[in-house]
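Below is one structure; the comments refer to it alone.
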Amino acid sequence: WLKIKISQAEEAIIVGITEPKNSREHFGALLLGQYENKVLKFIGKCGTGFTQATLKELYEKFSPYFIDESPLEEKTGLRDIVQWMKPKFVCQVKFAEWTQENHLRQPVFLGLRLDKNPKDVVFSKEIITPKKETTMKKEILNKDKNENENDFDLKVGKVKLHLTNQNKIYFPDDHITKGEIVNYYNEVSELILPYLKDRPQSMNRFPNGIEGPSFYQKDVDEDKIPTWIKTKKIFSESNNANIDYLICNDKASLLYMANLGCIDINPWNSTIKRIDNPDWVVIDIDPQKDDFKEVVKVALAVKEVMDSFEAQCYCKTSGASGLHVYIPLGGKYDYDSVKIFAEILAHEVHQKLPDTTSLERSIKKRNGKIYIDYLQNRKGQTLAAPYSVRPKPGATVSTPLEWSEVNAKLTPQQFTIKNVLKRFEKKGDLWEPVLGKGIDIKSILKKSEAI
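Heads up: the sequence shown begins at 410 in our numbering, then just goes up one per residue.
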């Protein structure tokens, strides 16, 4: 299938703004609403369509109308820090579709509507339903069957990306194509890219899908890749040579990797800016048996240990059979120090669960126990990124979790490319704190000695 985006337009009342993140200034996104039966309802947030000048101009317009209390009767469920506003301003946005929760999907700011009274901006029932959209796709395909192309060019920013074999089946049991994987990464790019930026990529390529042969590629041939792809030479002691790693900093590079057959995305723990200092500690909980309830117990034991140190940690599904627990570091420590800390943490967890866990690297010596893998904290080691698809039946996704979700009901198979986008839209980026300031290892080790 060739995905054809249908844009719609709506007027919306601006009810607040969110705190800016990363390099953005003034505000992050607009919070939007419409009246329904004279009640102001939340219809989503809009974070795109602004220039730096627009952000500043809008912020200055909004400032006199800031208020402490939400003008909405309902709670939005947002995790962002919000500055509420009097519902004085109306804007025009374009968007892809309405969600089941009556929120705008992928809204883009077009401008303020100074001619509109906010009271006249009401929720419209006349929306394009999935049924109508499907009918429109069929009409287009019936009109010209060449529209359903296997190979085509896609404009991504200033780059023209040539996508190939988009109809190739990658997941035979689920009839999921290469094109669907590429499209998933297109949809999730804003979420996943912060965890790929400036990190060397170890590309795990499945050119013929999950049942065909696969291979890892670290060294890319600069003469055979597009000139806009960023690479970085890093010396490999094992190879005694420089390796040209691909660096994925933008959507075009991400889709290029997916088009090469990279079903999952595997970045380093450190960036090229601080190549010897990882940004997190990772505990990879790797079971031999299919008893995921025991895997959950191990993850909760990691959290219990970190809670005793008064330090935060974050959990995600591996997308395969295990769980990953990450602890933010902020790039303050080198790999050797981080590996030692990870080993200490693994020993603490093993002492809590000696009958079900093992620190043995050899599979034969584990006797079927769950492996607490702390060796993933060595330089050059990689794990599937958050929001990465995995080459497993169902096209499962490595999904960030709230700790309340890490319970006996949890399974990695419940998160797939078919359902996670709605989850991500609702919950936002649960993984964001992993890129934060990070823990103080020295302070924690002192507390550990005291205990």
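The C-beta atom is built at its ideal place from N, Cα and C for all residues, glycine as well.
How would you label residue i, buried or exposed, when you count the other beta carbons within 10 angstroms and need 16 or more for buried?
i: GLY566; result: exposed
i: TYR594; result: buried
i: LYS450; result: buried
i: PHE644; result: exposed
i: GLU475; result: In the sequence under discussion, the amino acid at residue 475 is Phe, which differs from the Glu named in the question. Under this definition PHE475 is an exposed residue.
i: TYR625; result: exposed
i: HIS512; result: buried
i: VAL711; result: buried
i: GLY777; result: exposed
i: GLU865; result: Limits of the chain in this structure are 410 at one end and 860 at the other, which puts residue 865 out of reach.
i: ALA438; result: buried
i: ASN431; result: exposed
i: GLU428; result: exposed
i: THR460; result: exposed
i: GLY486; result: exposed
In three-state terms, what does DSSP make of residue i?
i: TRP677; result: strand
i: LYS773; result: helix
i: ASP699; result: coil
i: ALA817; result: coil
i: ASN613; result: strand
i: SER767; result: strand
i: HIS756; result: helix
i: VAL714; result: helix
i: TYR400; result: Coverage of the chain is limited to positions 410 through 860, which leaves residue 400 absent and any answer about it impossible.
i: PRO527; result: helix
i: GLU434; result: coil
i: TRP840; result: coil
i: PHE471; result: helix
i: LEU513; result: strand
Would you kindly work out how many angstroms separate the C-alpha atoms of residue i and residue j, rounded to a whole number?
i: LEU423; j: PRO842; result: For the sequence presented, residue 423 should be read as Ile rather than Leu. Looking at the two C-alpha atoms, the distance is approximately 28 Å.
i: GLY425; j: VAL714; result: 39 Å
i: VAL815; j: LEU709; result: 8 Å
i: TYR879; j: LEU830; result: Given a span of 410 to 860 for the chain in the structure shown, any question on residue 879 remains unanswerable.
i: LEU602; j: ILE638; result: 15 Å
i: ILE853; j: ARG683; result: 23 Å
i: LYS525; j: VAL499; result: 7 Å
i: PRO527; j: ALA462; result: 25 Å
i: TYR579; j: GLN509; result: 29 Å
i: LYS855; j: LYS748; result: 17 Å
i: ILE641; j: VAL798; result: One detail in the question is off: residue 641 reads as Lys in this sequence, not Ile. If I take the Cα positions, the gap works out to 25 Å.
i: LEU521; j: SER623; result: 51 Å
i: LYS465; j: ARG433; result: 11 Å
i: SER611; j: TYR665; result: 14 Å
i: ILE848; j: ASP838; result: 20 Å
i: ASN828; j: LEU563; result: 25 Å
i: THR825; j: GLY621; result: 21 Å
i: LYS851; j: ASN678; result: 20 Å
i: ASP743; j: HIS756; result: 20 Å
i: LEU411; j: SER662; result: At LEU411, the pLDDT of 49 sits below 50, so the modelled position is not reliable; the number obtained from the coordinates is stated separately. LEU411 and SER662: Cα-Cα distance of roughly 20 Å.
Can you check whether the C-beta of residue i is within less than 7 Å of a C-beta belonging to chain B?
i: MET612; result: You won't find chain B in this structure, because it holds only one protein chain.
The segment 757 to 772 in contact with the segment 798 to 807 per 3-pair CB rule at 8 Å: By the criterion of at least three beta-carbon pairs nearer than 8 Å, the segment 757 to 772 is not in contact with the segment 798 to 807.
Inter-stretch contact (C-beta, 8 Å, three-pair minimum) for the segment 749 to 760 and the segment 778 to 787: Yes, since at least three Cβ pairs between the segment 749 to 760 and the segment 778 to 787 fall closer than 8 Å, the two stretches touch.
Contiguous alpha helix (DSSP H) assignments of at least 4 residues, all confined to the segment 615 to 684: With a minimum length of 4 residues, the continuous alpha helix (DSSP H) runs that stay inside the segment 615 to 684 are 660 to 668.
Cβ contact (3+ pairs, closer than 8 Å) linking the segment 678 to 693 and the segment 729 to 749: As far as the Cβ criterion goes, the segment 678 to 693 touches the segment 729 to 749, which means the pair count is three or higher.
Meets three-Cβ-pair contact criterion under 8 Å: the segment 718 to 727 and the segment 759 to 768: Touching, no, given that fewer than three Cβ pairs across the two stretches are closer than 8 Å.
Ordered list of beta strand (DSSP E) runs contained in the segment 573 to 598, each at least 3 residues: Taken in chain order, the unbroken stretches of beta strand (DSSP E) that lie wholly in the segment 573 to 598 and span 3 residues or more are 578 to 580.
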